[in-house]
Amino acid sequence: MAVIVVTGGFGALGRAVVRHLADAGHQVAAVDMAPVPTESLAKLTLGGVDLAEEHVVAEAYRNVVSDLGAIGGVVNIAGGFVWETVADGSLDSFDRMYRMNLRTAAASCRAAIPLLVEGSAIVNVGAAGAVRPGTGFAAYAASKTGVHALTESLAEELKGRGIRVNAVLPTIIDTPTNRADMPDADTSAWVRPEAAARVIAFLLSRESGAVTGAAIPLSLAG
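When you read off a place in the sequence shown, starting at 1, and then add 62, the result is the number in this note's numbering.
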């Protein structure tokens, strides 16, 4: 069993991933900008961590190693979403989405690289909506496309160290917040957090040892 860091570990998908990994016997460190929740299955919880600030992330990861030992996996979930058109929205939204979605993943990867043991894996959370973005998705999709590029490039960079890097590309995650925000939506293609967690756990495992640089679409509730 491994020490695995989950960024955005306090959110709906993060909690599902933490729960699945902890149930499998891993020691999980949940790291998030949000305050530490009253309950968590993570072995270590670190709240108030600005995951877009490199030195802050590096310090958090050093604390993980100090408390739990060498890191064997990282799951980058932290991020955000905005829907607005280019014509009526703000250019600041592009900066905000870059910082929340791409910079957080890049900072996490950079902090983790010197601490990862051979055979480790990184899983980034991209977005199916970044592949063929519709109206209102420009800022969000641009940042998530960057996550896809980060994944592919870093997979090549780390091949020689025996470290794999992959991404999952979910459609809309089936969370209470998304259901409240889109009460009339067809949820049939939404991804349940537990289903996404199972795929992420597989990509962290040795059973997926032949897979790196992949971007795996996730759809359908299940």
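Just so it is clear, CB atoms sit at the ideal spot from N, CA and C, and this is done for glycine as well.
- Classified as exposed, Pro245 has fewer than 16 neighbouring CB atoms from the shown chains inside 10 Å of its CB.
- Shown here, Glu218 sits in a helix according to DSSP, grouped into three states.
- According to the DSSP assignment, Pro232 belongs to the beta strand (DSSP E) that extends over Arg226 to Pro232.
- In the displayed model, Ser250 falls within coil according to three-state DSSP, outside both helix and strand.
- Going by DSSP, Pro255 is part of the alpha helix (DSSP H) stretching over Pro255 to Leu266.
- Contact fails between the stretch 97-104 and the stretch 157-175, because fewer than three Cβ pairs, one in each stretch, are under 8 Å apart.
- Counting the other CB atoms within 10 Å of its CB gives Thr107 a total of 16 or more, which places it among the buried residues.
- In its chain, beyond the 5 residues on either side, Thr69, Gly70, Leu113 and Thr166 have a beta carbon closer than 6 Å to the beta carbon of Ala140.
- The Cβ neighbour count for Arg77, taken over all protein chains shown within 10 Å, is at least 16; the residue is labelled buried.
- Residue state for Val148 is assigned as coil, using DSSP reduced to three classes.
- If you look at Thr239, you'll find it in the alpha helix (DSSP H) that goes Pro238 to Asp243.
- Among the bridge pairs identified by DSSP, Ala91 is matched with Val67 and Leu106.
- Judged by DSSP secondary structure, Ala173 falls within the alpha helix (DSSP H) whose first and last residues are Thr166 to Ala174.
- Under the DSSP definition of a beta bridge, Pro195 lacks any partner.
- Contact check between the stretch 234-243 and the stretch 196-203: fewer than three CB pairs, one atom from each, fall below 8 Å, which does not count as touching.
- The DSSP-derived three-state label of Gly76 is helix.
- The C-alpha of Gln89 lies about 46 Å from the C-alpha of Ala149.
- Residue state for Leu83 is assigned as helix, using DSSP reduced to three classes.
- The beta carbons of Ala122 and Val80 sit no closer together than 8 Å.
- Exclusion of the five residues before and after Gly275 leaves Glu214 and Ala217 as the residues of its chain whose Cβ lies within less than 6 Å of its Cβ.
- Judged by their CB atoms, Ala86 and Val136 are not nearer to each other than the 8 Å cut-off.
- The closest CA to that of Leu103, considering only Ser170, Phe72, Pro232 and Ala229, is found on Phe72.
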